[in-house]
Structure formats: C-alpha cells, structure tokens
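Undergrad:
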Amino acid sequence: MEGTVGNRYRPVKKIGSGSFGDIYLGVNKFTDENVAIKAESVRAEYSQLQHETNVYKLLAGGAGIPRVKWFGVQGDYNVMVMDLLGPSLEDLFDLCNRKFSLKTVLLLADQMITRVEYIHSRDFIHRDLKPDNFLMGVGKRGNQVNLIDFGLAKRYCDPKTKFHIAYREMKSLTGTARYASINTHLGVEQSRRDDLESLGYAFIYFLRGSLPWQGLKAATKKQKYDRIMEKKMTEPTEFLCRGFPKEFAIYLNYSRSLRFDDKPDYDYLRKLFRDVFVREGFADNYEYDWSLKISNSEESAVPIKEEMAVNNHNASSAPATKPVNKYVNFDWDNDEFN
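Numbering (our numbering), first residue to last: -5 to 332.
#1: Quick check on K216: does DSSP put it in helix, strand or coil?
#2: Can you give me the Cβ contacts of L53 inside the same chain, cut-off strictly under 8 Å, excluding the 5 residues immediately before and after it?
#3: Is there contact between the region 156 to 163 and the region 95 to 112, where contact requires at least three CB pairs shorter than 8 Å?
#4: Since F14 and E34 should fall inside the 8 Å C-beta cutoff, what is the C-beta to C-beta distance between them, to a whole number of angstroms?
#5: With respect to the beta strand (DSSP E) encompassing K8, which residues constitute its N-terminal and C-terminal limits?
#6: Using 8 Å as the threshold, is the C-beta distance between G70 and V36 below it?
#7: Under a three-way DSSP split, which group does N28 fall into?
#8: DSSP three-state label for D16, please.
#9: Pull up the distance between the alpha-carbon of R121 and that of E27, whole angstroms please.
#10: Which residue or residues does DSSP assign as beta-bridge partners of N72?
#11: If contact is defined by three or more beta carbon pairs under 8 Å, each pair taking one atom from either stretch, is the region 231 to 248 in contact with the region 191 to 202?
#12: From the DSSP output, read off the bridge partner residues of G131.
#13: Quick check on DSSP: helix, strand or coil for F118?
#14: Less than 6 Å between C-beta atoms, sequence neighbours within five positions excluded: which residues of the same chain meet that for D255?
#15: Between the Cα of V(-1) and the Cα atoms of G12, D16 and K23, which residue gives the shortest distance?
#16: When you compare the region 76 to 88 with the region 123 to 137, are there three or more beta-carbon pairs, one atom per stretch, that lie closer than 8 Å?
#17: Looking at M76: is its Cβ nearer than 8 Å to the Cβ of A30?
#18: Mapping the DSSP letters down to three states, classify N308 as helix, strand or coil.
#19: State the Cα-Cα distance for the pair Y260 and N177, rounded to the nearest angstrom.
#20: Which residue marks the beginning of the beta strand (DSSP E) containing L141, and which one marks its end?
#21: According to DSSP, simplified to helix, strand and coil, what is T(-2)?
#22: DSSP on V110, reduced to helix/strand/coil?
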C-alpha cells in the first residue's frame, strides 16, 4: 500500500496479514501518532472489514476495545485505521516458551471474561475468541487486555426488543476449530455460551502449553474438524484440567451446561478465578510472565498474527465490484453474517 490514507495516515511497513488482507504500521503525519492500518481488496465479494468497522463503532467506549479512527476506500483497498496496540497473547505465549504461570493466566482470565461480558452487553457475540485476538495495550495501558478482530462478530439479540436469535442447526463452522465450542462443531447456532467455552480452551491452552486436539491429522478439513470435535467430546474436563485448580474444570463445565439463550453469570466466573488468586497468595501487582522480558511502548509494536478464520464467506469465488458504503446499517432480518 502506498500514499496517504484519509489525507492523514501514512503506511510505514507491513506487520501482518490474514485471510481478509494485510495490516500495516502507520503514522499520523500531523501528530506522529502510531496507528494500525488494515486493508482489504475492494474486489472482495463481501467486505469483512466494513462489517468489522461498524461493530467497532457500536462497541466504542468500552474498556479494552480499540478505537477506529478512519474507514473508507483508498485506491484498490477498503481501509480501516485504528489504535495501535501491543503484542497478542499468542505472541507473548511464544515469548514465554509456550506456557504461562497460573498467576498470569488468572490475571488474564479476569480481564478476558470482562471484555467478553462487555461485548455481550452490547448484544454481540465474537465467534472467534482465541489468543491471537487478545492484545496487550501500550504505554500507560500496557497491562490492559484488548479484544480485537470483529470480522465474524454477530448480534445475538435485537437491540430494541432484546429478543434472542432463534436456535438453529446445520450451521457451518465459523471461527477457529482449535477453540470452537462443541456445539459449534455440531452445527448449532452460536450464542453467548460458545464465546465462554472458547475462552475456557484458551485458559487451558495457556496452562498446559497445548490442547489435546492440536496436530490431529486427517485427509480432509471436515474429517479433521470431526476428529477435533470427537476429542473435545470424549476428553473429560477433569482430565483436561488435571494438575491445575479445579476451578478451571468448573468453568468449562459451567459454560458447556448453559442453554442456548442463557445469560452467563460473569461475576460468578470471575469470582472462581479470583478465589484461586487469593488462595494461592499471589500479589495483585499485574506482573505478568513477560513483564521482565518485554517493555511495551508506543514506539515498539510486535507484529500482529491472525490465523485464517473459517467461515462460508471465505469459500466465495467470483469477486464483486460493487462500491462499499462508508457506513452500514445492521439489518436484523439480514442473514449475511451467519
């Protein structure tokens, strides 16, 4: 990408890529503020970036939700400019030799549950929660966990009537298979419970260093997803969480026990882990495993890594050339983002 975006932001270098397009480190040429610039081709059949931009606008103001500074068409690209954040939890997991201490996981879990509670309070589910999509802040907010990548986010209830979406089956897998809930594997429409189950797998991943269904081989993608689902369904939570406080198994069992339209008890889930924190005698000083290894600052950004998200939109073929509107109105009856 070349030139100035929105007459204000200059791309400096490419720092990441994903199924949608590329991510650049940019700078505001008037203030020297560093920003993140996401770009996708205008020829994309459906603009995931435009959808994501509008979700960010609807979530604006929440702690740990980055701000969108500009969105529009720039040459051959749909472009979104947003706050530049620090490294992802996956990046930091690598930095810490692919295992986090119990203290760090408990500190992260508290904030991660709170971020998910916030987006649920705004009538959205994320549908692709994973370590790559949680980024630490920079500078004075270096200890804050931020939630990003709302390209697959969807309303789970009407913001006016508060009617929950209908239960449906035969849905394709949307999200990342490693962290997908069992019901998502089974083709059930996702709701709040599925976001929480995905978080549970992330917590266990951090503690164990890997999940039992990683690295499974199969002839086709569907067969691989089926093997992952089978492993999740047959692996007892007590075995999955063996060697760690029982609260992690309690969390996972709770999230799996929720009915489709149940409102989760976020306070209860946070208390589970806060009680462990107190019981273990940890100091509440926000010192993470990486605190001595990395210094978050607005002058240094770790490249953002984004795994390819699996959904039926990625299987499209012929590109469309219709123009993208700067703002999108969400149509409650529109099934576009299922």
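Just so you know, even glycine gets a beta-carbon here, dropped at the ideal spot from N, CA and C.
Predicted, not measured: the structure shown is a model, and the values here were computed from it.
TA: The relevant details are as follows:
#1: Sequence index remark: in the sequence shown, residue 216 carries index 222 (1-based). K216 falls in the helix class under three-state DSSP.
#2: Taking the first residue of the sequence shown as 1, we reach residue 53 at position 59. These residues qualify, in order along the chain: I59, Y112, I113, R116, F118 and F144.
#3: no
#4: For the purposes of this step, residue 14 is taken as residue 20 along the sequence shown, with counting starting at 1. For the purposes of this step, residue 34 is taken as residue 40 along the sequence shown, with counting starting at 1. F14 to E34, Cβ: 5 Å. Contact.
#5: By one-based count along the sequence shown, residue 8 stands at place 14. From DSSP, the beta strand (DSSP E) with K8 extends over Y3 to S11.
#6: Here residue 70 refers to the residue found at position 76 when the sequence shown is read from its first residue. Here residue 36 refers to the residue found at position 42 when the sequence shown is read from its first residue. The amino acid occupying residue 70 in the given sequence is Asp; Gly does not appear at that position. Contact: yes.
#7: One-based indexing of the sequence shown puts residue 28 at position 34. Of the three classes helix, strand and coil, the one that applies to N28 here is strand, per DSSP.
#8: The sequence position of residue 16 within the sequence shown is 22, counting from 1. In this structure, D16 counts as strand in the three-state DSSP scheme.
#9: Start at 1 with the first residue of the sequence shown, and residue 121 comes out as number 127. Start at 1 with the first residue of the sequence shown, and residue 27 comes out as number 33. Going by the C-alpha atoms only, they are around 31 Å apart.
#10: Residue mapping note: residue 72 aligns to position 78 of the sequence shown, counting from 1. E34 and V67.
#11: yes
#12: In the sequence shown, the residue the question calls residue 131 occupies position 137. Paired residue(s): none; G131 is not in a bridge.
#13: The count along the sequence shown starts at 1 and reaches residue 118 at position 124. If DSSP states are grouped into helix, strand and coil, F118 belongs with the strands.
#14: In the sequence shown, counting from the first residue as 1, residue 255 sits at position 261. Excluding sequence neighbours, D255 sits near H158.
#15: Start at 1 with the first residue of the sequence shown, and residue -1 comes out as number 5. When only C-alpha atoms are compared, the closest one is K23.
#16: yes
#17: Along the sequence shown, read from residue 1 onward, the residue named residue 76 stands at position 82. Along the sequence shown, read from residue 1 onward, the residue named residue 30 stands at position 36. Against a cut-off of 8 Å, the Cβ pair of A30 and M76 comes out as a contact.
#18: Locating residue 308 in the sequence shown gives position 314, where the first residue counts as 1. Residue confidence for N308 is low, a pLDDT of 32 falling below 50, so the modelled location carries little weight; the figure read from the coordinates is stated next. N308 falls in the helix class under three-state DSSP.
#19: The sequence position of residue 260 within the sequence shown is 266, counting from 1. The sequence position of residue 177 within the sequence shown is 183, counting from 1. Spanning the two alpha carbons is a distance of roughly 20 Å.
#20: In the sequence shown, the residue the question calls residue 141 occupies position 147. Residues V139 to L141.
#21: As a working note, residue -2 is residue 4 in the sequence shown. Three-state result, T(-2): coil.
#22: Here residue 110 refers to the residue found at position 116 of the sequence shown. In this structure, V110 counts as helix in the three-state DSSP scheme.
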